[in-house]
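Notes for the one structure printed next.
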Amino acid sequence: GGERGMYFCLLVRNSLEEVGMGFFYFAYSTWEGRVLHLEDLYVDEKYRGKGVGGVLMRTLAKIAVKNGCKRFQWQALDWNVKAIEFYEKIGANVLSEWVNLRMEGKKLNEYAAGK
């Protein structure tokens with residue numbers, strides 16, 4: 303029982319400021335069960351390459367395992383080569399067979415209205 307948040311934000315701080323964050327939520331896959339979806343990962347530019355991203359990703363992986371997730375998933379923009387290389391270095395697979403689809407704004411409203 304009780305209420306549980308729909309989304310969560312993991313912050314990494316030093317003694318002065320926030321230096322990174324991971325914004326995530328739990329979802330469900332009909333194929334695999336519960337998954338942790340990382341919506342956004344950000345590390346302040348002056349802290350990149352200093353292990354902050356690794357701390358965030360490892361902590362998120364631990365949260366996924368602790369919560370019974372079968373998968374930890376996220377997306378990266380194809381032009382963000384440094385991020386993709388980092389993700390591959392930590393063991394992530396690039397799923398080139400999947401295509402992202404989106405409906406938004408006017409098209410979403412028109413479709414919902416049956417137009």
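Numbering (our numbering), first residue to last: 303 to 417. The C-beta atom is built at its ideal place from N, Cα and C for all residues, glycine as well. Here the structure is a predicted model, which is why all the values come from computation and not from measurement.
Distance, residue j Cα to residue i Cα
i	j	result
Glu327	Arg336	Here residue 327 turns out to be Tyr, not Glu, going by the sequence shown. If you take the alpha carbons of Tyr327 and Arg336, they lie about 11 angstroms apart.
Val314	Glu341	16 angstroms
Ile365	Met323	14 angstroms
Glu319	Val354	13 angstroms
Gly407	Tyr349	35 angstroms
Val396	Asp380	10 angstroms
Ser331	Arg404	18 angstroms
Per DSSP, cross-strand counterpart(s) of residue i
i	result
Glu320	Arg315
Cutoff 7 angstroms; reference residue i; Cβ partners in own chain excluding five residues on either side
i	result
Ala385	Ala378
Met308	Tyr327
C-beta atoms of residue i and residue j nearer than 8 angstroms
i	j	result
Leu362	Leu338	yes
Gly356	Ile392	yes
Glu347	Lys372	no
Neighbourhood of residue i by C-beta, 6 angstroms cutoff - its chain only, sequence neighbours within 5 removed
i	result
Trp462	Limits of the chain in this structure are 303 at one end and 417 at the other, which puts residue 462 out of reach.
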